[in-house]
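**Q**
Residue numbers (our numbering): 3 to 109.
(1) Starting from residue 70, follow the beta strand (DSSP E) in both directions and report where the run begins and ends.
(2) According to DSSP, residue 89 sits in a beta bridge with which residue or residues?
(3) Under the assumption that residue 72 contacts residue 62 (Cβ atoms under 8 Å), give the Cβ distance between them as a whole number of angstroms.
(4) Short check: CB of residue 60 to CB of residue 41, under 7 Å?
(5) Based on the DSSP output, what are the partners of residue 63 in its beta bridges?
If you want it as structure tokens, here you go:
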């Protein structure tokens, strides 16, 4: 019973219940909250694990000394861009040489 009701005999604006019943209600709500937190923490742990896998996929696998053991998709994309522009530069040099040769032949 509430202390105000017990000491003063007035019971206003709150429900009348035994302390044991209220304690059990609070216990059950705490247990539910703990279960919810455990589920949330498991979900967060799974998400962190998946994010780590994505990061390794992007960055690649590194050894203990920081050396790159397996390139990730970022490194592969950089290598492709480098190769593409290297090939473009070589093609331009060949075209430039051919154009100079044509000019020198006709001049």
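Cβ coordinates follow ideal geometry from the N, Cα and C atoms, glycine included. Predicted model, so just to flag it, every value in this text is computed and none were measured.
**A** A quick look at the data gives this:
(1) By 1-based counting over the chain shown, the position of residue 70 is 68. Segment 70-73, the beta strand (DSSP E) holding residue 70.
(2) Counting from 1 along the chain shown, the entry for residue 89 is found at position 87. Answer is none; residue 89 lacks a bridge partner.
(3) Your numbering for residue 72 matches position 70 in the chain shown. Your numbering for residue 62 matches position 60 in the chain shown. Indeed, because the Cβ distance is near 5 Å, the residues count as touching under 8 Å.
(4) Along the chain shown, read from residue 1 onward, the residue named residue 60 stands at position 58. Along the chain shown, read from residue 1 onward, the residue named residue 41 stands at position 39. Contact flag unset, no.
(5) Numbered from 1 along the chain shown, position 61 holds the residue referred to as residue 63. BP columns for residue 63 point to 72.
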